[in-house]
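Residue numbers (the numbering used here), protein chains in the order written: chain A, 3 to 300; chain B, 3 to 300. Built from N, CA and C at the ideal position, the CB exists for glycine as well. On a predicted model such as this, the values are computed, not experimentally measured, just so you know.
2 protein chains.
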Amino acid sequence: MSRYETVLRSRTREVVIGGSGPFCVIGERINPTGRKLFAEELRSGDLSRVGADAVTQVAAGADMLDVNAGIPLVDEPQLLQAMLRAAQDAVEAPICIDSSVVEALEAGLSVYEGKALVNSVTAEDDRLELILPLVARHGAAVVGLANDETGIPATAHERLRHVRKIVAAAADFGIGPEDVVIDPLAMTVGADTEAVTVTLETISLIASELGVNMCLGASNVSFGLPQRHALNAAFLPMAMAAGLTSAIMSTAEVCVQAVRAADLLLGHDPWGASWIAAHRARVAAEQTAAQQAPAAAP
Amino acid sequence: MSRYETVLRSRTREVVIGGSGPFCVIGERINPTGRKLFAEELRSGDLSRVGADAVTQVAAGADMLDVNAGIPLVDEPQLLQAMLRAAQDAVEAPICIDSSVVEALEAGLSVYEGKALVNSVTAEDDRLELILPLVARHGAAVVGLANDETGIPATAHERLRHVRKIVAAAADFGIGPEDVVIDPLAMTVGADTEAVTVTLETISLIASELGVNMCLGASNVSFGLPQRHALNAAFLPMAMAAGLTSAIMSTAEVCVQAVRAADLLLGHDPWGASWIAAHRARVAAEQTAAQQAPAAAP
């Protein structure tokens, strides 16, 4: 359980990260990185997949959506605005505006209707001084990455030092700890067998010392390995037990189900009410499909 | 990583719980509790299912097998002996001899060939004094349950007190900490929303203070809830991250895969060698099946 509630809003819907509530699933899919066809479509001005991916991910259980427009040599501020408009028109879920380009974050915030999660700032002085005033001015919340210009620290205690700096800097700009969501950084275990252990230790330290909400890119852990969904599905409950309260992640059924199972196990779904309701809905859908199948046959 | 290695042996095979090695999956299935047909077969002297269940569970990834003969009004020592003989004849995996009846444990140990895991003793004085000498005499290892005659403690610290007592009593009988495997007790989350949280805290405390190996009945957590395998598959990685080194559990694919994924994530499968090998074997088996399918068609 985190000490704070981070409230995000779309035009019509409010989502809370943390407190005693369930984990916040942030769909990772609206991101052209590693998606060649999607990148080509976006480059040519075809945004149809943005809305489609938004609808699919929300149907699969996403509470929020990450939107990223990072394509080399495009006008990222303009593209991000167009993608945010398309996503907002398609679904009610609040959005995590994802860019490393300050101008793109600014352009995105200017078209976002609600309270966005801005992804991200690091512990680098110049980034903090550029991005935090922007977040404060728009009344948004911000993701803070536990690294600085020297790279990603190898130990949990070094990462914690960056986190303290980000939380303090945010306070200086009038952003309270409830609106700082820390990314403890998940690296791939295929490149470093200690990667996940360090991430879990970082999560535990942040939870016990600061109690702020946390969000990480969960799919990173399995990069380069086979059966990635199964690895991600095992990683998420571990990270949740350590104190993680949200993730930018795949909405593959096995991953979302692992999160909802962990919610129940950790007491964030009292008496399994949501778990049992989801099970009943699935059984009902299967029965409907089974009844319709023979009638649909020629 | 636990501080000790618990070595178990069958006639021909050695299995290690703990150290830096992978998690030890102990198949739960050879147990008549809640299996009406199996109980009837055993009662009538038909032991065919013991061997079949042993083979199936080992094929599904079990490193060891639990064998329990607890049927009301049967001669449990005699039945347990027969079941142990059948299981030993069917597979090479070492066995966890499971009974609450001291005479049955004694009878089981007398026919077991190798170094067994005796399941279990509690922190009750009379149980410790009856069972530990038996374990010592047979050179076996023992599962110690973190409860006493007053029931299962609600808090992790109270459970730890029982664990300290068991480890100390074992030492008095010449059984070192490497041969004491503690059951931190997993209760169903359907009856108590704090159940899993307390179990995870107990595991962490035992791991940091005593460093002994641990084993629990993982399927208990999901009792009475739908989609039990999915809940168990989310629970196991959490418990492993906290320090659990073995479990008596279902060998359903989703559960075993969650354990092997967690092994990789926690650095107990360096560079994913086992994970990748299992993936390749699965792909090869699927290809073989696909090639044979058309030929088998009429």
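Distance between residue j and residue i (C-alpha atoms, nearest Å)
{"i": "residue 18 of chain A", "j": "residue 67 of chain B", "result": "44 Å"}
{"i": "residue 221 of chain B", "j": "residue 205 of chain B", "result": "16 Å"}
{"i": "residue 250 of chain B", "j": "residue 279 of chain B", "result": "24 Å"}
{"i": "residue 103 of chain B", "j": "residue 78 of chain B", "result": "8 Å"}
{"i": "residue 4 of chain A", "j": "residue 246 of chain A", "result": "8 Å"}
{"i": "residue 11 of chain B", "j": "residue 36 of chain A", "result": "48 Å"}
{"i": "residue 161 of chain B", "j": "residue 208 of chain B", "result": "9 Å"}
{"i": "residue 273 of chain B", "j": "residue 154 of chain A", "result": "21 Å"}
{"i": "residue 166 of chain B", "j": "residue 244 of chain B", "result": "18 Å"}
{"i": "residue 156 of chain B", "j": "residue 86 of chain B", "result": "35 Å"}
{"i": "residue 290 of chain B", "j": "residue 15 of chain B", "result": "30 Å"}
{"i": "residue 9 of chain A", "j": "residue 264 of chain A", "result": "22 Å"}
Proximity to residue i [Cα-Cα], best of the options
{"i": "residue 261 of chain A", "options": "B/278, B/259, B/239, B/279", "result": "B/239"}
{"i": "residue 178 of chain B", "options": "B/159, B/135, B/197", "result": "B/135"}
{"i": "residue 277 of chain B", "options": "B/75, B/12, B/160, B/266", "result": "B/266"}
{"i": "residue 122 of chain A", "options": "A/182, A/236, A/79", "result": "A/182"}
{"i": "residue 70 of chain B", "options": "B/88, B/80, B/32, B/124", "result": "B/32"}
{"i": "residue 76 of chain A", "options": "A/44, A/89, A/7", "result": "A/44"}
{"i": "residue 74 of chain A", "options": "A/65, A/55, A/48, A/101", "result": "A/101"}
{"i": "residue 55 of chain A", "options": "A/47, A/160, A/90", "result": "A/90"}
{"i": "residue 275 of chain B", "options": "B/199, B/291, B/23", "result": "B/23"}
{"i": "residue 202 of chain B", "options": "B/256, B/284, B/167, B/159", "result": "B/159"}
{"i": "residue 127 of chain A", "options": "A/170, A/273, A/255", "result": "A/170"}
{"i": "residue 284 of chain A", "options": "A/190, A/255, A/295", "result": "A/255"}
{"i": "residue 173 of chain A", "options": "A/195, A/138, A/150, A/198", "result": "A/138"}
{"i": "residue 80 of chain B", "options": "B/27, B/192, B/40, B/108", "result": "B/108"}
{"i": "residue 62 of chain A", "options": "A/47, A/27, A/117, A/48", "result": "A/27"}
{"i": "residue 116 of chain A", "options": "A/184, A/99, A/259", "result": "A/99"}
{"i": "residue 114 of chain A", "options": "A/124, A/125, A/97, A/9", "result": "A/97"}
{"i": "residue 6 of chain B", "options": "B/149, B/211, B/105", "result": "B/211"}
{"i": "residue 235 of chain A", "options": "A/42, A/84, A/257", "result": "A/257"}
is_contact[residue i, chain C] using C-beta, thresh 7 Å
{"i": "residue 237 of chain B", "result": "Given the protein chain composition of this structure (A and B), no chain C is represented."}
8 Å contact criterion, which residue i and residue j should meet: CB distance rounded
{"i": "residue 233 of chain B", "j": "residue 224 of chain B", "result": "4 Å"}
{"i": "residue 52 of chain B", "j": "residue 95 of chain B", "result": "Rounded, the Cβ-Cβ distance is 13 Å, inconsistent with contact."}
{"i": "residue 270 of chain A", "j": "residue 228 of chain B", "result": "That belief does not hold up - the Cβ atoms of residue 270 of chain A and residue 228 of chain B are roughly 18 Å apart, past 8 Å."}
{"i": "residue 25 of chain A", "j": "residue 242 of chain A", "result": "6 Å"}
{"i": "residue 110 of chain A", "j": "residue 82 of chain A", "result": "5 Å"}
{"i": "residue 145 of chain B", "j": "residue 119 of chain B", "result": "6 Å"}
{"i": "residue 130 of chain A", "j": "residue 187 of chain A", "result": "Their Cβ separation, rounded to whole angstroms, is 17 Å, which puts residue 130 of chain A and residue 187 of chain A out of contact at 8 Å."}
{"i": "residue 64 of chain B", "j": "residue 253 of chain B", "result": "5 Å"}
{"i": "residue 226 of chain A", "j": "residue 192 of chain A", "result": "4 Å"}
Chain B residues whose Cβ lies nearer than 9 Å to that of residue i
{"i": "residue 199 of chain A", "result": "243, 267, 268, 269"}
{"i": "residue 27 of chain A", "result": "Residues of chain B passing the Cβ test: none, with the nearest at roughly 14 Å."}
{"i": "residue 251 of chain A", "result": "Within 9 Å Cβ-Cβ: nothing; residue 251 of chain A doesn't reach chain B, min ~14 Å."}
Chain-ordered neighbours of residue i on chain B, where CB pairs are closer than 8 Å
{"i": "residue 195 of chain A", "result": "269, 272, 273"}
{"i": "residue 301 of chain A", "result": "A query on residue 301 of chain A cannot be resolved here, the shown segment of chain A reaching from 3 to 300 and no further."}
{"i": "residue 192 of chain A", "result": "273, 274"}
{"i": "residue 189 of chain A", "result": "Chain B residues near residue 189 of chain A: none, gap ~12 Å exceeds 8 Å."}
Helix, strand or coil at residue i [DSSP, three-state]
{"i": "residue 218 of chain B", "result": "strand"}
{"i": "residue 61 of chain A", "result": "helix"}
{"i": "residue 122 of chain B", "result": "strand"}
{"i": "residue 127 of chain A", "result": "helix"}
{"i": "residue 300 of chain A", "result": "With a pLDDT of 47 at residue 300 of chain A, under the threshold of 50, the modelled position of this residue cannot be trusted; read the value that follows with caution. DSSP places residue 300 of chain A in coil when its eight states are reduced to three."}
{"i": "residue 202 of chain A", "result": "helix"}
{"i": "residue 253 of chain B", "result": "coil"}
{"i": "residue 211 of chain A", "result": "helix"}
{"i": "residue 234 of chain A", "result": "helix"}
{"i": "residue 30 of chain B", "result": "strand"}
{"i": "residue 110 of chain B", "result": "helix"}
{"i": "residue 145 of chain B", "result": "strand"}
{"i": "residue 271 of chain A", "result": "coil"}
{"i": "residue 51 of chain A", "result": "helix"}
{"i": "residue 86 of chain A", "result": "helix"}
{"i": "residue 154 of chain B", "result": "coil"}
{"i": "residue 66 of chain A", "result": "strand"}
{"i": "residue 191 of chain A", "result": "coil"}
{"i": "residue 133 of chain A", "result": "helix"}
Residue i: contacting residues in chain B (beta-carbon distance under 7 Å)
{"i": "residue 223 of chain A", "result": "267"}
{"i": "residue 216 of chain A", "result": "Neighbours of residue 216 of chain A on chain B: none; closest Cβ ~16 Å, over 7 Å."}
Residues that residue i contacts on chain A, provided the C-beta gap is smaller than 7 Å
{"i": "residue 259 of chain B", "result": "232"}
{"i": "residue 62 of chain B", "result": "Result: empty, since nearest Cβ-Cβ is about 15 Å, beyond 7 Å."}
Interface residues of chain A facing residue i [CB-CB closer than 9 Å]
{"i": "residue 281 of chain B", "result": "227, 228, 229"}
Partners in chain A for residue i, counting only beta-carbon separations shorter than 8 Å
{"i": "residue 202 of chain B", "result": "243"}
{"i": "residue 263 of chain B", "result": "229, 232, 233, 235, 236, 237"}
{"i": "residue 66 of chain B", "result": "Neighbours of residue 66 of chain B on chain A: none; closest Cβ ~21 Å, over 8 Å."}
{"i": "residue 85 of chain B", "result": "By Cβ distance, chain A contributes nothing, its closest Cβ being about 32 Å from residue 85 of chain B, past 8 Å."}
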